[in-house]
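**Student:** Residue numbers for the sequence shown, in full-length UniProt numbering: 1 to 128.
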Amino acid sequence: MSSSATTDGIRITVKPSYWPERSAPESGQFAFMYTVEIANEGDAPAQLKARHWVITDATGKVEEVRGEGVVGRQPHLGPGERFEYTSWAMLRTPFGTMRGSYDMARPDGTRFEARIAEFALTLPNSLH
Numbered sequence: 001m002s003s004s005a006t007t008d009g010i011r012i013t014v015k016p017s018y019w020p021e022r023s024a025p026e027s028g029q030f031a032f033m034y035t036v037e038i039a040n041e042g043d044a045p046a047q048l049k050a051r052h053w054v055i056t057d058a059t060g061k062v063e064e065v066r067g068e069g070v071v072g073r074q075p076h077l078g079p080g081e082r083f084e085y086t087s088w089a090m091l092r093t094p095f096g097t098m099r100g101s102y103d104m105a106r107p108d109g110t111r112f113e114a115r116i117a118e119f120a121l122t123l124p125n126s127l128h
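1. When you compare only the Cα positions, how much space is there between E118 and A39?
2. Would you kindly report the start and end of the unbroken beta strand (DSSP E) that includes M98?
3. Quick one: does the C-beta of A117 sit closer than 7 Å to a heavy atom of the ligand COA?
4. Restricting to runs no shorter than 3 residues, where is the beta strand (DSSP E) found entirely within the UniProt domain "ApaG" (4 to 128)?
5. Can you round the beta-carbon distance between M104 and F112 to whole angstroms, since I take them to be within the 8 Å contact cut?
6. Which same chain residues, not among the five before or five after G28, have their C-beta less than 7 Å away from its C-beta?
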């Protein structure tokens, strides 16, 4: 159930999974890990400056998260380079979705939004 999108040569692939050790379903806490791979498949360097996530639970409640970099870093990616990290999100429902974008900068100062395609956060066996 991964997602993948490419913007201006930057491919972002996300692989989510349920995190039972961090979850407490009886208390309405469902934790999900997601691993993100950012790959520069273009011919120009780029640096990830900021992130924007839109997290939607099964009731339609939306939470937006914005911040500098990812996991405390603002990785530079030359052509052919990749950066991978793992993070997590908490939902109050057993399923939901995430999507977003990364604010990317080129050495010449131009900026663009690299799209993160929507992906599902799903408790195993909760959807049939």
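Backbone N, C-alpha and C fix where the C-beta goes; we use that ideal spot for every residue, glycine too.
Values in this document were obtained by computation on a predicted structure and should not be read as measured data.
**Tutor:** Let's see:
1. Within the sequence shown, the letter at position 118 stands for residue 118. Within the sequence shown, the letter at position 39 stands for residue 39. Each residue's alpha carbon lies about 18 Å from the other.
2. If you number the sequence shown from 1, residue 98 lands on position 98. It spans F95 to A105 - the beta strand (DSSP E) in which M98 sits, taken as one unbroken run.
3. This structure lacks the ligand COA, and indeed carries no ligand of any kind.
4. 10 to 18, 30 to 40, 46 to 57, 62 to 68, 82 to 91, 95 to 105 and 111 to 122
5. Walking along the sequence shown from the start, residue 104 turns up at place 104. Walking along the sequence shown from the start, residue 112 turns up at place 112. Yes, M104 and F112 are in contact; Cβ-Cβ is about 5 Å, under 8 Å.
6. Translated into the one-based positions of the sequence shown, residue 28 becomes position 28. Only R92 meet the Cβ criterion.
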